[in-house]
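Accompanying notes for the structure given below.
Protein chains: 2
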Amino acid sequence: MAEYFIGIDLGGTNIKVGLFDRTMNLVDKSSVPTGADMGPEVVVERMVTAGKGLLKEAGLRIEDLAAIGIGTPGPADYPRGIVIKSTNMPKFVNTPLRDMVASGLGNRPAILENDANVACWGEFTMGVGKEVTDMIFMTLGTGIGGGVVCNGELVRGVGGNAAELGHVIIYPNGRACNCGQRGCVEAYGSANATAARATEAIQAGEESSLGEVLRNRGEITSKDVFLHAENGDKLACDIVEGTAEALALMCVNMLHTTEPACIVFTGGMIAAGDALLGRICRHFDRLIWTLKKETVTICFATLGEDTGIIGAASLAQHAFQQGQI
Amino acid sequence: MAEYFIGIDLGGTNIKVGLFDRTMNLVDKSSVPTGADMGPEVVVERMVTAGKGLLKEAGLRIEDLAAIGIGTPGPADYPRGIVIKSTNMPKFVNTPLRDMVASGLGNRPAILENDANVACWGEFTMGVGKEVTDMIFMTLGTGIGGGVVCNGELVRGVGGNAAELGHVIIYPNGRACNCGQRGCVEAYGSANATAARATEAIQAGEESSLGEVLRNRGEITSKDVFLHAENGDKLACDIVEGTAEALALMCVNMLHTTEPACIVFTGGMIAAGDALLGRICRHFDRLIWTLKKETVTICFATLGEDTGIIGAASLAQHAFQQGQI
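Below is the structure:
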């Protein structure tokens, strides 16, 4: 009986592949370089070979595979499984990735989904969200990716582009965002924006212990900003408060939109720990209405580096069980 | 066979009751004063009597009734059908309204839902949203009520308080809202806020043809503001632009959150017609990202005064067919 699932996390640098049983226990996983420069055929062959390798190692045949989940950044036509284009994989243009992968893996049912949605689904089903039905998910990295789960289902929107949470406007006429809008939460609360706001303040002449980092290394990271905030640097503290306030505003706005049980942050910046989470919660408490006591849990994701493969496999299982694929 | 539905719109002033067949055609409707001062037993008896009267007039028996839907403002424990308290009906305190009404109507299955969600569901199933699966709904009145439909289902949230869209913060540190927050969209884009912003500007000394209205009548309505804007009064135009910009910001933010096919406005202020809708669309086009062309439809609701009873009956039918009640 086919009761195993493969989850694939296709990034610009590496392909991560995981084999899971029907209780979503990880049987085995592997990682190979994407080789994006060599074009989609080579990349797909690597994905397929990795998947077949995991099955073989586990003593399984292709018939034991129930379904395949693939997570990758957009823009893509997810319902049809086609990568339209990809910043990190320029040779992918209107590539029918889902069907190419499925074709190499015994034509098993497959699903292609946005990587942020996949990570969200992983946390929702196997991580901090596994006891709830409604969740908001935000990844704090170069930008801010998002995921929205309502009534136990991913909210994909009419064109598959829902949950672009980084582009919710929180400060009208604020900082310019790469997307063409102004005041997006991504322009304040992402790791890159945190570093950029510090850099700009120093370049504008503000005093800070980060000034020396910028001069010596030529750049500042969000990690530097949190470190210097911890050491009491005033500018760094202000920047970190601004990051937390932006994210707290999002929490307020998401609460009033979908009333999730939990709002989950992930991405490199959560390494800052309570220096970030505590501040977000304090700003949330200050900003939220007084009409009723809110009990939403604001927290960090727990799945770590395997989120992509767990989410992809779990989404494949869900879609398979629901008859969606 | 039980295939009729009763939809009840319980307001502070009137009870509206509608009888619908299984294709949601209105068989008959009636309206009676709520009599809220006389307490819940009297109000429920009026609801029940009105419902029975409609059945009798149509030559139907209680056995022909499949289910009952009731819409009323919160706060309520909607899943359990209990009105916790009510601004307009102070004698309703922890009143098990749903079961009281059902008890009077042959113990048929019944559902209690927030009035904004009910109106949203009416427009979604029988109005402008009937061809779509994802919709955002906002009522522009004293405040701003909201409704969110994703994947063909109302988003109720973990506590039944999702879609409090009036309290999404669009201008941090902005105007104070009754809810205790600052900068809520309700404090800019509602009918009351539109009138209040004009009044405050005049009281602060700004020149406007609305000044005379305020002096003569002691107050300004949003209708006055739109009328004077049409006649070219600069302050009135600025206020109306501000209202439209606030609502356009909400459209941008809701698009990036749930990516609905349509965003639907209703409430008294939509009488302003294109003077409002055209402005919202222009601000939306100016504010929205340039990453991709958006095709969301921003429009007005079409069901009019029967929205409450249509929505309540339609929600009862949906819940009944889904086995939720």
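If you read the protein sequences in the order shown, they are chains A and B.
Per this note's numbering, the first sequence runs over residues 31 to 355.
Per this note's numbering, the second sequence runs over residues 31 to 355.
Yeah, the Cβ is synthetic: ideal placement off N, Cα and C, and Gly gets one too.
Are the C-beta atoms of T224 of chain B and some chain A residue less than 8 Å apart?
Output row for T224 of chain B: interface = no.
Would a C-beta distance cut-off of 8 Å place G176 of chain B and E194 of chain B closer than the cut-off?
yes
By the 10 Å Cβ neighbour count, where 16 or more other Cβ atoms means buried, how is K46 of chain A classified, buried or exposed?
buried
Can you pull the chain A neighbours of T320 of chain B, defined as C-beta to C-beta under 9 Å?
Within 9 Å Cβ-Cβ: C209, G210, Q211.
Listed by chain order, chain B residues near I200 of chain A by CB distance under 9 Å:
I199, I200, P202, N283
Any chain B beta carbon closer than 8 Å to L277 of chain A:
no
For D145 of chain A, count neighbouring C-beta atoms within 10 Å of its own C-beta (all shown protein chains included) and say buried if the count is 16 or more, exposed if not.
buried
Pull up the DSSP beta-bridge partners for S61 of chain A, would you.
A:K46
Using a cut-off of 8 Å between C-beta atoms, extract the partners of L333 of chain B located in chain A.
Simply none; closest approach about 22 Å.
Which word fits A140 of chain B, buried or exposed, when buried means at least 16 other C-beta atoms lie within 10 angstroms of its C-beta?
buried
List the residues of chain B that P290 of chain A touches, going by C-beta distances under 9 Å, in chain order.
G187, V188, A192
To the nearest angstrom, how far is it from the Cα of C150 of chain B to the Cα of G213 of chain A?
When rounded, the distance between both Cα atoms is 29 Å.
Are the C-beta atoms of T287 of chain A and some chain B residue less than 8 Å apart?
When Cβ-Cβ separations below 8 Å define contact, T287 of chain A makes contact with chain B.
Cα-Cα separation between G311 of chain B and Y201 of chain B, rounded to whole angstroms:
Residue 311 of chain B is actually Cys in this sequence, not Gly. Using only the alpha carbons, I get a separation of about 19 Å.
Per-residue burial, C320 of chain B [other beta carbons within 10 Å of its own, 16 or more giving buried]
Here the sequence assigns Thr to residue 320 of chain B, which means Cys is not the residue at that position. It is exposed - the Cβ of T320 of chain B has fewer than 16 other Cβ atoms within 10 Å.
Go to G341 of chain A, then tell me how far its alpha helix (DSSP H) extends in each direction, as first and last residue.
337-351
Using a Cβ-Cβ cut-off of 8 Å, state whether E216 of chain B counts as contacting chain A.
no
Helix, strand or coil at A149 of chain B according to DSSP, with G and I counted as helix
helix
Assuming N44 of chain B contacts S60 of chain B under a Cβ cut-off of 8 Å, what Cβ separation, rounded to an integer in Å, is found between them?
With a Cβ gap of about 10 Å, N44 of chain B and S60 of chain B do not count as contacting.
If we cut at 8 Å on Cβ distances, does E143 of chain B have a partner in chain A?
no
Only counting runs of 4 or more residues, tell me where the alpha helix (DSSP H) segments fall wholly within the region 94-181 of chain B, in order along the chain.
127-134, 145-156
Give me the subset of the region 166-186 of chain B whose CB atoms are less than 7 Å from a CB atom of chain A, sorted by chain position.
Residues of the region 166-186 of chain B with a Cβ closer than 7 Å to any Cβ of chain A, in chain order: V178, C180, N181, E183, V185.
For L345 of chain A, go through chain B and note every residue whose CB falls closer than 7 Å to its CB, in chain order.
L345 of chain A does not reach chain B, its nearest Cβ partner there being about 15 Å away, counting only Cβ pairs nearer than 7 Å.
Should the region 166-180 of chain A be regarded as contacting the region 285-292 of chain A, the criterion being three or more beta carbon pairs within less than 8 Å?
yes
Buried or exposed: which applies to Q351 of chain A, given that a residue is buried once 16 or more other Cβ atoms fall within 10 Å of its Cβ?
exposed
For the region 147-165 of chain A, list every residue whose C-beta sits within 9 Å of some C-beta in chain B, in sequence order.
So the close ones are V162, T163, D164.
Rounding to the nearest angstrom, what Cα-Cα distance links V158 of chain B and G308 of chain B in this structure?
18 Å
Is there a Cβ from chain A that is less than 8 Å from the Cβ of L135 of chain B?
no
So is R325 of chain B buried or exposed if we call it buried at 16+ other beta carbons inside 10 Å?
Position check: residue 325 of chain B holds Thr in this sequence, whereas Arg was assumed. Classification of T325 of chain B: exposed, given that the 10 Å Cβ count is below 16.
Below 9 Å on C-beta distance, what does L195 of chain A contact in chain B?
H286, T287
According to DSSP, is L356 of chain A part of a helix, a strand, or is it coil?
In the structure as shown, chain A starts at 31 and stops at 355, and residue 356 of chain A therefore has no counterpart that could be examined.
Are G134 of chain A and V57 of chain A close, meaning C-beta to C-beta below 8 Å?
Against a cut-off of 8 Å, the Cβ pair of V57 of chain A and G134 of chain A comes out as no contact.
Grab me the residues of G297 of chain B's own chain with a C-beta within less than 6 Å of its C-beta, minus the 5 sequence neighbours each way, in chain order.
T169, L170, G171
By the three-class DSSP mapping on this structure, what secondary structure does L184 of chain A have?
strand
Residue environment, Q347 of chain B, which counts as buried when at least 16 other CB atoms sit within 10 Å:
Q347 of chain B sits buried, since 16 or more C-beta atoms from the chains shown fall within 10 Å of its C-beta.
Indicate whether the contact test is met: 3 or more Cβ pairs, each with one atom in the region 126-133 of chain B and one in the region 66-85 of chain B, closer than 8 Å.
yes
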